[in-house]
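The block underneath contains the structure these notes are about, expressed in structure tokens.
2 protein chains.
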Amino acid sequence: MEDVLDERSKKVLWAVIQSYIDNPDPVGSRYVTKKYAFQYSPATIRNIMADLEDMGFLSQPHTSAGRVPTDKGYRYYVEHILEEKIGINEGLLDLLTSKVSDPIEDVDFILDETSKTLASLSRYLGLAVSPGPEGSILRRIELVPYKEDRIAVVILTDEGVIKHKIIKNEMALTSSDLQKISNYLNREFKGYTIKQIREHLAEELRRDKEMYDNLMERSLALCREALYTYGSNVFITGLTRILDLPEFSNIEKIKKISKTIEDKHAIIKLIDKIIDSRGVQVIIGSENPVSEMNELSVIISTYNEHDRPAGVIGIIGPKRMDYSSVISLVETAARFLSKMFEEGGK
Amino acid sequence: MEDVLDERSKKVLWAVIQSYIDNPDPVGSRYVTKKYAFQYSPATIRNIMADLEDMGFLSQPHTSAGRVPTDKGYRYYVEHILEEKIGINEGLLDLLTSKVSDPIEDVDFILDETSKTLASLSRYLGLAVSPGPEGSILRRIELVPYKEDRIAVVILTDEGVIKHKIIKNEMALTSSDLQKISNYLNREFKGYTIKQIREHLAEELRRDKEMYDNLMERSLALCREALYTYGSNVFITGLTRILDLPEFSNIEKIKKISKTIEDKHAIIKLIDKIIDSRGVQVIIGSENPVSEMNELSVIISTYNEHDRPAGVIGIIGPKRMDYSSVISLVETAARFLSKMFEEGGK
DNA sequence: ATTAGCACTCACCCTTGAGGAGTGCTAATT
DNA sequence: AATTAGCACTCCTCAAGGGTGAGTGCTAAT
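Quick mapping for you: the protein sequence lines, in order, are chains P and G.
Residues in the first sequence are numbered from 1 upward in steps of one, following my numbering.
Residues in the second sequence are numbered from 1 upward in steps of one, following my numbering.
Structure (structure tokens):
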């Protein structure tokens with residue numbers, strides 16, 4: 001969006017949004033002059049506001065009400081008015097460090113905690129998505145005999161994700177068979193991403209089944225089955241807190257948001273659509289392709305492992321959120337996670 | 001509660017509750033005679049209702065309104081009026097079988113699915129709690145070297161619960177050390193419950209540290225650390241659906257219930273308090289020791305593994321729920337799970 | 001270019017009053 | 001003695017009406 005506003009208009013837009021973030025009532029011209037000590041009279045402000053409305057940055061709920069920011073207004077605010085220097089949120093960093101660093105846990109635990117911490121500091125919803133199969137590098141695969149006719153497959157990746165699955169031991173593999181298969185799989189696939197392994201397996205099996213000896217064939221079949229269900233986990237926390245916000249005094253909105261939370265599938269879809277660039281991204285209201293979230297804003301960022309985007313961390317809240325502090329929270333959390341995985345992967 | 005009512009009063013109480021379950025408006029005398037084709041006039045019904053109110057089974061929101069069942073009324077209804085023959089819900093059984101049986105999954109997946117299915121059939125909240133450390137029997141413990149200085153501990157229990165934890169390898173154990181330790185732990189503790197092992201470990205370590213050789217000491221320390229976090233998982237699903245009920249048109253109630261859902265700790269406490277007898281239990285409104293749930297009813301049942309209560313399955317809903325069908329759903333789910341673990345444990 | 005003045009709009013809140021569902025009581029009926 | 005009809009009474013619900021006030025847009029003065 002081009003930077004089309006003069007300084008004075010920017011200030012007014014800023015004041016309106018600031019006031020609206022503070023308190024979701026339509027903002028009047030008189031209030032702006034008083035609260036933000038403008039040098040102009042309410043009448044002048046009214047003219048400016050009328051211009052801003054013409055340009056689509058503000059709107060009126062009804063003729064004789066004050067103005068409310070539009071999505072376009074928020075967008076302009078985020079891009080051109082907000083302070084560029086978004087700092088690191090030290091409080092969040094301290095909290096995360098104290099919560100997560102001491103006992104070394106797996107990724108799901110860390111992400112759940114991060115999501116909760118983001119939720120509690122922002123008072124909105126915390127969101128975290130674990131690394132998907134695309135970028136996760138296999139560290140180790142372990143086959144453990146389990147009960148008479150089953151095998152527990154445990155997959156460990158570089159990020160510390162542990163997935164497990166119990167599969168049927170239809171081929172009656174013995175304990176030592178399993179040992180051999182594990183060794184083979186580890187030798188063959190360690191260091192590849194889950195996605196690569198999947199593709200590789202699909203191809204191998206298609207190409208020529210007879211090419212390999214029996215044990216190897218079994219290994220591949222096992223591995224395929226275990227990797228089949230490998231996907232991202234989504235953590236969304238903080239519903240209770242968000243219900244205190246005045247915009248959720250309306251049942252319909254609560255329903256929408258709780259549906260969004262339960263249907264984590266939609267979130268993954270959203271994230272797939274959105275994650276192309278790195279850094280913190282801001283999705284405001286109707287910019288969101290998921291229509292259920294058109295009344296919400298989403299601030300997300302990828303976090304990296306070895307400079308490769310792994311998963312996503314973010315905050316979901318009302319459109320009138322305190323963008324600068326939320327962006328700083330998300331930025332901080334993303335850096336924290338990236339650093340954590342950097343260290344962990346050494 | 002004693003069976004203190006004559007047939008006629010029972011019928012009236014039944015009619016009031018039935019009507020109230022159908023539609024949460026206070027029930028009037030005229031409505032009862034019409035809808036349920038009573039042989040008496042509204043005036044007679046009024047007299048009976050006044051008696052029921054004196055006994056505490058009904059109450060009036062205000063002088064000129066109809067009656068509403070009290071918790072005591074529901075309790076009497078459940079104990080003395082409800083059909084005793086609670087059948088198995090075939091639809092649920094079919095659904096569960098199709099969802100859960102085919103791929104052999106671990107307990108957490110099965111419980112999550114069961115909870116979702118209960119939620120969708122009842123239109124209330126589905127609840128499932130995985131087996132805790134008390135009764136879970138260790139099947140296998142596996143130590144896998146993970147990255148340079150860490151070990152992944154994987155614990156498999158009889159029910160198919162898999163817990164994993166990553167711990168620091170502070171003692172610089174080699175891969176073959178780990179192998180030896182696993183072997184030792186499996187030999188020593190297989191067949192014991194997690195709780196027993198915990199207690200055993202605590203005692204061993206307290207008694208005499210020098211009594212054992214170095215490796216064994218290390219094993220025990222590792223094992224202790226890994227078992228430390230072993231606890232029940234709680235699955236609660238179906239929030240979206242429950243918001244459609246008229247009793248949750250009130251924000252305060254939504255807040256309460258969402259708090260209850262997020263604070264799974266409270267649920268575990270509730271369940272600990274309540275689970276003394278087997279079979280389906282009904283907790284109505286204020287009977288619930290957790291005060292946040294005083295406007296809700298909870299129907300729960302334990303499910304067994306080898307005739308030993310393992311975890312809990314249930315439904316949480318408004319007090320005016322259709323008790324007979326909900327009880328039947330919970331009963332069916334509990335039997336299904338018990339059977340599933342019976343087979344799985346063979 | 002800015003501002004004061006003013007008529008106008010419209011949501012919000014409060015009051016009022018009609019309507020109606022339901023009750024309790026009493027007296028009549030079976 | 002139990003049941004029922006009749007009736008006065010209660011009190012919730014809802015819609016209509018009117019006052020209030022915040023806020024606007026326009027015009028004319030500064």
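Just so you know, even glycine gets a beta-carbon here, dropped at the ideal spot from N, CA and C.
Practice task
Would you mind sorting P/Lys-346 into buried or exposed? The rule is 16 or more other CB atoms within 10 Å of its CB.
Solution key: By 1-based counting over the first sequence, the position of residue 346 of chain P is 346. Note that P/Lys-346 scores a pLDDT of 41, beneath 50, so its modelled location is shaky; the value from the coordinates is reported in the next line. Looking at its Cβ environment, which holds fewer than 16 other Cβ atoms inside 10 Å, P/Lys-346 is exposed.
Handout entry: Opening and closing residue of the beta strand (DSSP E) in which G/Arg-67 lies
Key = Here residue 67 of chain G corresponds to residue number 67 of the second sequence, with the count starting at 1. Where G/Arg-67 is concerned, there is no enclosing beta strand (DSSP E), given that its DSSP letter is neither H nor E.
Handout entry: Beta-carbon spacing of P/Leu-58, P/Ala-333 below 8 Å
Key = By 1-based counting over the first sequence, the position of residue 58 of chain P is 58. By 1-based counting over the first sequence, the position of residue 333 of chain P is 333. No. Outside cutoff.
Handout entry: Collapsed DSSP secondary structure at P/Leu-270 in the structure displayed
Key = For the purposes of this step, residue 270 of chain P is identified with residue 270 of the first sequence, where counting begins at 1. Helix, per DSSP.
Practice task
Could you work out which residues of chain G lie near P/Arg-218, taking near to mean beta carbons separated by less than 7 Å?
Solution key: Counting from 1 along the first sequence, the entry for residue 218 of chain P is found at position 218. Result: empty, since nearest Cβ-Cβ is about 17 Å, beyond 7 Å.
Handout entry: Per-residue contacts from P/Glu-142 into chain G (C-beta, under 9 Å)
Key = Translated into the one-based positions of the first sequence, residue 142 of chain P becomes position 142. Neighbours of P/Glu-142 on chain G, chain order: Glu-142, Val-144, Ala-152 and Val-154.
Exercise for the section: Evaluate the contact criterion for the region 11–23 of chain G versus the region 142–156 of chain P: three or more CB pairs, one atom per stretch, below 8 Å. Expected result: no
Problem - Rounded straight-line distance, which links the Cα of G/Pro-61 to that of G/Val-161 - result: For the purposes of this step, residue 161 of chain G is taken as the residue at position 161 of the second sequence. For the purposes of this step, residue 61 of chain G is taken as the residue at position 61 of the second sequence. Spanning the two alpha carbons is a distance of roughly 48 Å.
Handout entry: Three-way DSSP call (helix, strand, coil) for G/Ser-136 in this model
Key = Here residue 136 of chain G is taken as the residue at index 136 of the second sequence, counted from 1. It is coil, neither helix nor strand.
Practice task
Would you check if there are 3 or more beta carbon pairs closer than 8 Å linking the region 81–95 of chain G to the region 285–305 of chain G?
Solution key: no
Problem - CB contact check: P/His-164 to chain G, cutoff 8 Å - result: Position 164 of the first sequence, counting from 1, holds the residue named residue 164 of chain P. Chain G, which has a Cβ nearer than 8 Å to the Cβ of P/His-164, makes this yes.
Problem - Option in P/Glu-292, P/Asn-47 and P/Ser-182 with minimal Cα separation from P/Lys-253 - result: Counting from 1 along the first sequence, the entry for residue 253 of chain P is found at position 253. If we check each option's Cα against that of P/Lys-253, P/Glu-292 comes out closest.
Problem - Terminal residues of the alpha helix (DSSP H) in which G/Asn-183 lies - result: One-based indexing of the second sequence puts residue 183 of chain G at position 183. It spans 175–189 - the alpha helix (DSSP H) in which G/Asn-183 sits, taken as one unbroken run.
Practice task
Using alpha carbons as the reference points, say which of G/Lys-10, G/Val-326 and G/Val-129 lies closest to G/Ala-119.
Solution key: As a working note, residue 119 of chain G is residue 119 in the second sequence. When each option's Cα is compared against that of G/Ala-119, the closest is G/Val-326.
Exercise for the section: Can you tell me which of the three DSSP states P/Phe-341 falls into? Expected result: Sequence index remark: in the first sequence, residue 341 of chain P carries index 341 (1-based). In this structure, P/Phe-341 counts as helix in the three-state DSSP scheme.
Practice task
Assign P/Gln-18 to one of three DSSP states: helix, strand, or coil.
Solution key: The residue labelled residue 18 of chain P in the question sits at position 18 within the first sequence. In the structure shown, P/Gln-18 sits in a helix (DSSP, three-state: H, G or I).
Exercise for the section: Report the three-state DSSP secondary structure of P/Ile-275 (helix, strand or coil). Expected result: Residue mapping note: residue 275 of chain P aligns to position 275 of the first sequence, counting from 1. If DSSP states are grouped into helix, strand and coil, P/Ile-275 belongs with coil.
Exercise for the section: Tell whether a beta-carbon distance below 8 Å holds between G/Tyr-230 and G/Pro-131. Expected result: Translated into the one-based positions of the second sequence, residue 230 of chain G becomes position 230. Translated into the one-based positions of the second sequence, residue 131 of chain G becomes position 131. Cβ atoms of G/Tyr-230 and G/Pro-131: not closer than 8 Å.
Problem - Beta carbon of G/Arg-218 nearer than 8 Å to that of G/Leu-173 - result: For this step, residue 218 of chain G is matched to residue 218 along the second sequence. For this step, residue 173 of chain G is matched to residue 173 along the second sequence. For G/Arg-218 and G/Leu-173, yes; Cβs fall inside 8 Å.
Problem - Contiguous beta strand (DSSP E) assignments of at least 3 residues, all confined to the region 71–133 of chain P - result: 125–129
Exercise for the section: Can you give me the Cβ contacts of G/Pro-309 inside the same chain, cut-off strictly under 6 Å, excluding the 5 residues immediately before and after it? Expected result: For the purposes of this step, residue 309 of chain G is identified with residue 309 of the second sequence, where counting begins at 1. Answer for G/Pro-309: Thr-302, listed in chain order.
Practice task
Taking 8 Å as the cut-off, decide whether the C-beta atoms of G/Glu-247 and G/Pro-24 are in contact.
Solution key: By 1-based counting over the second sequence, the position of residue 247 of chain G is 247. By 1-based counting over the second sequence, the position of residue 24 of chain G is 24. Closer than 8 Å, so yes.
Exercise for the section: Find the nearest neighbour of G/His-80 within the set G/Leu-121, G/Gly-56, G/Leu-13 and G/Leu-178, judged by alpha-carbon distance. Expected result: Indexing the second sequence from 1 puts residue 80 of chain G at position 80. Per the Cα distances, G/Leu-13.
Problem - Residue from P/Gly-28, P/Asn-250, P/Lys-273 and P/Asp-51 with nearest C-alpha to P/Ser-9 - result: Numbered from its first residue, the first sequence carries residue 9 of chain P at position 9. Of the listed residues, the one whose Cα sits closest to P/Ser-9 is P/Asp-51.
Problem - Separation of G/Leu-156 from G/Glu-189, as counted between CA atoms - result: By 1-based counting over the second sequence, the position of residue 189 of chain G is 189. By 1-based counting over the second sequence, the position of residue 156 of chain G is 156. Reading the sequence as shown, one finds Phe at residue 189 of chain G and not Glu. Taking the straight line from one Cα to the other gives about 12 Å.
Practice task
Identify, in the order they occur along the chain, each residue of the same chain with its Cβ nearer than 7 Å to the Cβ of P/Asp-322, setting aside the five sequence neighbours on each side.
Solution key: Within the first sequence, the letter at position 322 stands for residue 322 of chain P. Contacts found: Ile-21.
Practice task
Using a cut-off of 8 Å between C-beta atoms, extract the partners of G/Lys-259 located in chain P.
Solution key: Translated into the one-based positions of the second sequence, residue 259 of chain G becomes position 259. Near G/Lys-259 (Cβ distances below 8 Å), the residues of chain P are Thr-240.
Exercise for the section: Indicate whether the contact test is met: 3 or more Cβ pairs, each with one atom in the region 279–290 of chain P and one in the region 69–78 of chain P, closer than 8 Å. Expected result: yes
Exercise for the section: Just confirm the distance between the C-beta atoms of G/Leu-243 and P/Ser-258, as a whole number of angstroms; I'd bet it's less than 8 Å. Expected result: Walking along the second sequence from the start, residue 243 of chain G turns up at place 243. Walking along the first sequence from the start, residue 258 of chain P turns up at place 258. So it is a contact: roughly 6 Å between Cβ atoms.
Exercise for the section: Pick out whichever of G/Ile-275, G/Lys-256 and G/Cys-223 has its Cα sitting closest to the Cα of G/Asn-348. Expected result: Residue coverage of chain G in this structure runs from 1 to 346, which leaves residue 348 of chain G outside it and unanswerable.
Handout entry: Nearest neighbour of G/Val-153, chosen from P/Glu-53, P/Asp-106, P/Val-100 and P/Ser-41 [CA to CA]
Key = Counting from 1 along the second sequence, the entry for residue 153 of chain G is found at position 153. Per the Cα distances, P/Asp-106.
Exercise for the section: Rounded to whole angstroms, what's the CA-CA distance from G/Asp-86 to G/Val-330? Just pull it up for me. Expected result: Along the second sequence, read from residue 1 onward, the residue named residue 86 of chain G stands at position 86. Along the second sequence, read from residue 1 onward, the residue named residue 330 of chain G stands at position 330. Checking the displayed sequence, the identity of residue 86 of chain G turns out to be Ile instead of Asp. Taking the straight line from one Cα to the other gives about 10 Å.
Handout entry: For P/Ile-48 and P/Leu-138, believed in contact at Cβ under 8 Å, the rounded distance
Key = By one-based count along the first sequence, residue 138 of chain P stands at place 138. By one-based count along the first sequence, residue 48 of chain P stands at place 48. At roughly 59 Å, the Cβ-Cβ gap does not stay under 8 Å, so P/Leu-138 and P/Ile-48 are not in contact.
Practice task
Determine whether the Cβ of G/Arg-123 lies closer than 8 Å to any Cβ atom of chain P.
Solution key: For the purposes of this step, residue 123 of chain G is identified with residue 123 of the second sequence, where counting begins at 1. Chain P, which has no Cβ nearer than 8 Å to the Cβ of G/Arg-123, makes this no.
Problem - Residues of the region 79–92 of chain G with Cβ closer than 9 Å to any Cβ of chain P, in chain order - result: none
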